[in-house]
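Plus 96 on top of the position in the sequence shown (first one is 1) and you've got this note's numbering. Note that CB positions come from ideal geometry on N, CA and C, so glycine has one too. Just so we're clear, the structure is a prediction, and the values are computed from it rather than from any experiment. Taking it in order: structure first as structure tokens, then the write-up.
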Amino acid sequence: MVLFSSPGGNDMLEGLDFDNAASNINQIIDELRAANPEVIIVIEEMAPGLQELFSSAELSAYYAGLHELVSSIVSEKSTDSSPIIPVDMHTGFSDELLADDVHYNETGADFIASRYYEVLNEVLQR
Numbered sequence: 097m098v099l100f101s102s103p104g105g106n107d108m109l110e111g112l113d114f115d116n117a118a119s120n121i122n123q124i125i126d127e128l129r130a131a132n133p134e135v136i137i138v139i140e141e142m143a144p145g146l147q148e149l150f151s152s153a154e155l156s157a158y159y160a161g162l163h164e165l166v167s168s169i170v171s172e173k174s175t176d177s178s179p180i181i182p183v184d185m186h187t188g189f190s191d192e193l194l195a196d197d198v199h200y201n202e203t204g205a206d207f208i209a210s211r212y213y214e215v216l217n218e219v220l221q222r
């Protein structure tokens with residue numbers, strides 16, 4: 097099992113090309129499956145950064161694009177032998193959960209951990 101955290105997040109913050117980030121995310125998944133055709137991939141639907149930071153049109157569009165990409169990867173690349181399972185980190189997330197522009201404070205870490213716990217608990221029950 098692999099926990100794929102914030103796919104494309106650093107690319108977005110560094111202003112790297114979206115298509116390149118998308119290609120890298122897909123390549124990582126392909127390489128994981130090449131190493132283990134039955135790998136379970138738990139992929140984050142990334143939490144937002146500081147609302148003020150993400151209010152720019154460019155970052156907002158990139159962030160939305162990453163969410164669309166993760167959604168399409170889950171629906172198009174998930175298989176019975178190697179499921180890709182999304183973890184919703186953005187619903188209910190707020191600036192109060194951040195220590196800085198993009199990193200979680202202790203309460204934010206608890207929020208993220210509880211989201212992972214819900215998904216992992218379900219996966220491990222199978």
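Give me whichever residues DSSP pairs with residue i in a beta bridge.
i, result
"D184", "E141"
"L99", "V138"
"Y200", "L194"
Going by Cα to Cα distance, which pick from the options is closest to residue i?
i, options, result
"A160", "A131, A118, N122 and I136", "A118"
"F100", "N116, L109, D126 and G145", "D126"
"M97", "D197, S151, E110 and I139", "I139"
"D191", "F207, S178, R129 and P182", "F207"
"K173", "G111, R211, E202 and I137", "I137"
"A153", "E218, H199, G111 and Y213", "G111"
"T203", "L216, V215, Y213 and F189", "F189"
"L146", "I124, H186, N120 and S177", "H186"
"L216", "N201, N122, D184 and N120", "D184"
"D176", "D113, L149, F114 and E134", "E134"
With a 10 Å radius around its C-beta and 16 neighbouring C-beta atoms as the bar for buried, classify residue i as buried or exposed.
i, result
"Y158", "buried"
"V166", "buried"
"A143", "buried"
"M107", "Rather than Met, the amino acid found at residue 107 in this sequence is Asp. Burial call: buried."
Specify the secondary structure class of residue i as computed by DSSP and reduced to three states.
i, result
"L155", "helix"
"L112", "coil"
"L194", "strand"
"D206", "helix"
"Q147", "coil"
"A178", "Checking the displayed sequence, the identity of residue 178 turns out to be Ser instead of Ala. Of the three classes helix, strand and coil, the one that applies to S178 here is coil, per DSSP."
Rounded to the nearest angstrom, what separates residue i and residue j at their Cα positions?
i, j, result
"L162", "G104", "7 angstroms"
"S210", "D197", "21 angstroms"
"V170", "P179", "8 angstroms"
"L194", "P182", "22 angstroms"
7 angstroms is my cut-off, CB to CB: does residue i come that close to chain D?
i, result
"D197", "The chain inventory of the structure shown lacks chain D, comprising one protein chain alone."
Within the present structure, is the beta-carbon of residue i separated from the nearest heavy atom of the ligand HEM by less than 6 angstroms?
i, result
"I208", "For the structure depicted, the ligand HEM is absent and the ligand set is empty, with no information on it obtainable."
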